[in-house]
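Protein chains in written order, with the working numbering: chain Y, 1 to 297; chain H, 1001 to 1323.
From the three backbone atoms N, C-alpha and C, an ideal C-beta is built for every residue, glycine too.
Since the structure comes first, as structure tokens, the remarks are kept for the end.
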Amino acid sequence: MSLYTLWGALEIGLIFSLVALGVLISFRILVFPDLTVDGSFPLGGAVAATMIAAGFDPFLSTFVAILAGAVAGFITAWLNVRLKIMDLLASILMMIALYSINLRVMGKPNIPLISEPTIFTVLQPEWIPDFIARPLILLVVVTGVKLLLDWFFSCEIGLAMRATGANARMARAQGIATGRATLAGMALANALVAFAGALFAQTQGGADISMGIGTIVIGLAAVIIGENILPARRLVWTTLAVILGAILYRFFIALALNSDFIGLQAQDLNLVTAVLVMLALVLPMGKRKLKLLKKGA
Amino acid sequence: MFKLSTSLRAIAGALALGVVCASALAADKVVAITSFVEHPALDAVRDGTKDELIAEGFEPGKNLKWDFQSAQGNAGTAGQIAKKFVGDNPDAIVVIGTPSAQPMVASTKTIPVVYSAIADPMAAQLVKDWKPSGTNVTGLSHMLDPVKQVEIIRRVVPNAKRVGIVYNPGEANSVSALNNIKGELQKQGITLVEAAAPRSVDVAPAAKSLIGKIDVMYSTTDNNVVSVFESLAKVCNDAKIPLIASDTGSVKRGAVAALGVNFYDLGRQTGRVVARILKGEKAGDIASSTSKNLELYVNTAAAQKQGVTLTPEFLKSATKVLN
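Next comes the structure, spelled out in structure tokens:
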């Protein structure tokens, strides 16, 4: 495995850590099974790519992409909170609708960003090669997002959101507008996912209508891996854990891509990834059992 | 409280193992090839490339290391495969499908990249035009040559003056195919009559609206039209209007004829370009091109229904004749 592979895994892992943070907010904090993610990730990419290709500033384009994601998440929550559509179904409806919307936004299935300026080409100092510069820029971005989220979830609105997810009835009894908390939380979650999509399009040479497929699976896997390797009660640690989980997931894929030496082939990729993730989840459990056995003896 | 657990250590060990084993493998020439998904057309391109390389004397396992990776439809994985290939620094990289080609071209400016089965390499910004790019990128497109398409229309209906097309204005590939053939038809003094079908259910009514205004119906690889091709064929059968398609699969579904791309052959052409690069040519000096050997499929039963008499020479030139 080469240095490029490792930096590449870090780059894509950091981008997907924003998806993981979004999924953490919807699935874990609000307890809202949200599949909108599969649509809001390409939405972010589509909006950013379309605007950049049309000549807009990459930072402005990325910002609008984030807003678009927030709107998508808000509508999903609105379908659930105001129209009383079951949460899972509301998010599926939104995910399906976003496919058409993304095609509309782009006007065609694929928008290349190979020669256009991106936030990475603007920020990148010339003396650092881009395979190293991009992960470093992303590291700063993701760290910033993490710290902001940690702060947000310790302030009043954030705490209200956490209470809504933990026990909605109790939260209402305490005077929290749980509907509003869900709307805001879902907007925030999908804004993060769209942000990831916008960054993805800018690092991978463009946006494609197919780029969203399986995003939710990757996000969930990252959250679960993270919670497993770094089990913690405090949110500050959990946000760190899911970021690590997302990066680790990418290292598993990098490893699976380099597994030809044990006779595995290209079509085995997803299986190898699944087995590696499974091992990561099971191994810590084995250790705990071992401890228990020792105590027993 | 937490601890970085055993799994992390296990991963570190596995990563180290990967580094050791990857460096242990070394062959004369290395070709890395990736496709976005595995499906019959794209697999045919991959196998064609491999067979042509073998014919050129580069045998996988002997004097060639052949590294195939599939992104299995996942954009993130496609990005990681691009990074892996750059790190492996092979002699040539082959990319099949636009979502795999773009991250690859965005990741390296030095390693030769040969794209294949890309409908419109200019729209995907892989190359600027059909000329040698001067960059590290070249390849093969399956874009259809409008001259050859018009030629087939004229061979089936020699005195055609008006050609009808049903298409989806919301589908980029369809619109570009339409504009592609429009210019060539105009050059030859043939008018193009368009009818929009934004949904599959609109295809038959749109086709009916063209009857009386056209001498022959032509279909692009428009997804809406191809998905309900039988209904288009029925309109043409009823009105005795010859229907010509641009993908061979539609011939058995009711078109008189189609001149389409053979993806295995496109792979052989790709293999030839890769071989030239392995023998020392620069990718930037090789012009991008489209498929050279197209396949002509003919359906005699449909010809009868649509009131066309096909010449024996035309039937003889067909790759495949369906009855």
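Please report the straight-line C-alpha distance between residue i and residue j, rounded to a whole angstrom.
i: ASP1247 of chain H; j: SER1200 of chain H; result: 18 Å
i: ARG134 of chain Y; j: VAL1156 of chain H; result: 56 Å
i: THR1311 of chain H; j: TYR1167 of chain H; result: 29 Å
i: LEU147 of chain Y; j: MET211 of chain Y; result: 28 Å
i: ASP87 of chain Y; j: GLY1189 of chain H; result: 59 Å
i: GLY1057 of chain H; j: ALA54 of chain Y; result: 47 Å
i: VAL140 of chain Y; j: THR5 of chain Y; result: 20 Å
i: ALA1022 of chain H; j: LYS1252 of chain H; result: Residue placement at ALA1022 of chain H is flagged as unreliable, the pLDDT there being 44, under the threshold of 50; the coordinate-derived value follows with that caveat. Answer to the nearest angstrom: the Cα atoms are 48 Å apart.
i: GLN204 of chain Y; j: GLN1102 of chain H; result: 7 Å
i: ASP268 of chain Y; j: ASP260 of chain Y; result: 10 Å
i: ALA1027 of chain H; j: ASN1063 of chain H; result: Unreliable placement is indicated for ALA1027 of chain H, whose pLDDT of 49 sits below 50; no coordinate value is reported for it.
i: GLY328 of chain Y; j: THR1110 of chain H; result: As displayed, chain Y neither begins before 1 nor continues past 297, which places residue 328 of chain Y out of reach and without an answer.
i: ILE1277 of chain H; j: PRO129 of chain Y; result: 26 Å
i: PRO109 of chain Y; j: ARG233 of chain Y; result: 43 Å
i: ASP1129 of chain H; j: VAL1113 of chain H; result: 16 Å
i: ILE75 of chain Y; j: MET94 of chain Y; result: 8 Å
i: ASN1074 of chain H; j: ILE218 of chain Y; result: 10 Å
i: LYS1316 of chain H; j: ILE1211 of chain H; result: 30 Å
i: GLU1281 of chain H; j: VAL1274 of chain H; result: 9 Å
i: VAL193 of chain Y; j: LYS84 of chain Y; result: 24 Å
i: ASN1159 of chain H; j: ALA1258 of chain H; result: 18 Å
i: LYS1320 of chain H; j: THR1300 of chain H; result: 11 Å
i: LEU290 of chain Y; j: PRO284 of chain Y; result: 10 Å
i: LEU1025 of chain H; j: HIS1039 of chain H; result: A caution first: LEU1025 of chain H carries a pLDDT of 45, below 50, which makes its placement in the model too unreliable to give a value.
i: PRO112 of chain Y; j: ALA49 of chain Y; result: 7 Å
i: PRO58 of chain Y; j: THR118 of chain Y; result: 5 Å
i: LEU248 of chain Y; j: SER17 of chain Y; result: 10 Å
i: THR1135 of chain H; j: ASN1179 of chain H; result: 28 Å
i: LYS1003 of chain H; j: LEU230 of chain Y; result: Because LYS1003 of chain H carries a pLDDT of 46, less than 50, the predicted location of this residue cannot be relied on, and no value is offered for it.
Leaving aside the five residues before and after residue i along the sequence, list all residues of the same chain whose C-beta is less than 7 Å from its C-beta, in chain order.
i: GLN1306 of chain H; result: CYS1236, ASN1237, LYS1240, ILE1241, PRO1242, LEU1243 and VAL1256
i: SER1209 of chain H; result: ALA1195
i: ALA1318 of chain H; result: LEU1296, TYR1297 and VAL1298
i: SER1227 of chain H; result: SER1200
Between which two residues does the beta strand (DSSP E) containing residue i stretch?
i: LEU1192 of chain H; result: 1191-1196
i: VAL1114 of chain H; result: 1113-1118
i: VAL1094 of chain H; result: 1092-1096
i: SER1141 of chain H; result: 1137-1141
For the alpha helix (DSSP H) that contains residue i, what are its first and last residues?
i: PHE152 of chain Y; result: 130-152
i: PHE32 of chain Y; result: It is not in any alpha helix (DSSP H) - PHE32 of chain Y carries neither H nor E in the DSSP assignment.
i: PRO112 of chain Y; result: Not the alpha helix (DSSP H): PRO112 of chain Y falls in the beta strand (DSSP E), residues 110-112.
i: VAL81 of chain Y; result: 58-81
i: GLY165 of chain Y; result: 156-166
i: ALA1124 of chain H; result: Unbroken run through ALA1124 of chain H: none, as it is neither H nor E.
i: PHE1058 of chain H; result: Unbroken run through PHE1058 of chain H: none, as it is neither H nor E.
i: TRP237 of chain Y; result: 235-257
i: VAL1203 of chain H; result: 1203-1210
i: PRO231 of chain Y; result: Unbroken run through PRO231 of chain Y: none, as it is neither H nor E.
i: GLN1080 of chain H; result: 1075-1088
Who are the near neighbours of residue i in its chain, counting only those whose CB is closer than 6 Å to its CB and skipping five residues on each side?
i: SER1219 of chain H; result: VAL1225 and ALA1245
i: ALA173 of chain Y; result: none
i: ALA160 of chain Y; result: ILE176 and ALA181
Let me check understanding here. Comparing Cα to Cα, which of the options lies closest to residue i?
i: VAL19 of chain Y; options: H:VAL1037, H:GLY1076 and H:VAL1045; result: H:GLY1076
i: TYR99 of chain Y; options: Y:ALA72, Y:VAL122 and Y:ILE85; result: Y:ALA72
i: ILE157 of chain Y; options: Y:VAL145, Y:ALA171 and Y:GLY214; result: Y:ALA171
i: THR143 of chain Y; options: Y:TRP237, Y:ARG180, Y:PRO231 and Y:ALA168; result: Y:TRP237
i: ALA196 of chain Y; options: Y:LEU3, Y:THR36, Y:ILE128 and Y:SER40; result: Y:SER40
i: ALA1092 of chain H; options: H:LYS1065, H:ALA1106 and H:ASN1074; result: H:LYS1065
i: GLN1186 of chain H; options: H:SER1174, H:VAL1163 and H:PRO1169; result: H:VAL1163
i: TYR1115 of chain H; options: H:VAL1308, H:ASN1262 and H:ALA1032; result: H:ALA1032
i: VAL970 of chain H; options: H:GLN1072, H:LEU1259 and H:ILE1118; result: The shown model of chain H, from 1001 to 1323, leaves out residue 970 of chain H, and the question about it has no answer.
i: ALA1302 of chain H; options: H:VAL1261, H:LYS1234, H:LEU1042 and H:ASP1285; result: H:LYS1234
i: GLY226 of chain Y; options: Y:VAL277, Y:ASP150, Y:ALA173 and Y:ARG82; result: Y:VAL277
i: GLU1052 of chain H; options: H:ASN1323, H:ASP1265 and H:LEU1178; result: H:ASP1265
i: ASN270 of chain Y; options: H:LYS1050, H:VAL1147 and H:ALA1071; result: H:ALA1071
i: LEU1140 of chain H; options: H:LYS1084, H:ARG1268 and H:ASP1222; result: H:ARG1268
Closer than 8 Å by C-beta to residue i: which residues in its own chain qualify, once you throw out the five before and the five after it? Chain order, please.
i: LEU1232 of chain H; result: VAL1166, VAL1203, ALA1204, ALA1207, MET1217, SER1219, VAL1225, LEU1243 and GLY1254
i: LEU220 of chain Y; result: VAL23 and PHE27
i: VAL1019 of chain H; result: Unreliable positioning characterises VAL1019 of chain H in this predicted model, as indicated by a pLDDT of 47, which lies under 50. The coordinate reading is nonetheless provided below. Taken in chain order, the list of residues that qualify is empty.
i: VAL1308 of chain H; result: VAL1156, VAL1157, PRO1242 and VAL1256
Could you pull the DSSP bridge partners for residue i from this structure?
i: ASP1067 of chain H; result: H:ALA1032
i: LYS1320 of chain H; result: H:TYR1297
i: TYR1218 of chain H; result: H:ILE1165 and H:ILE1244
i: VAL1261 of chain H; result: H:LEU1294
i: ASP208 of chain Y; result: Y:ASN110
i: SER40 of chain Y; result: In DSSP, SER40 of chain Y forms no bridge with anything.
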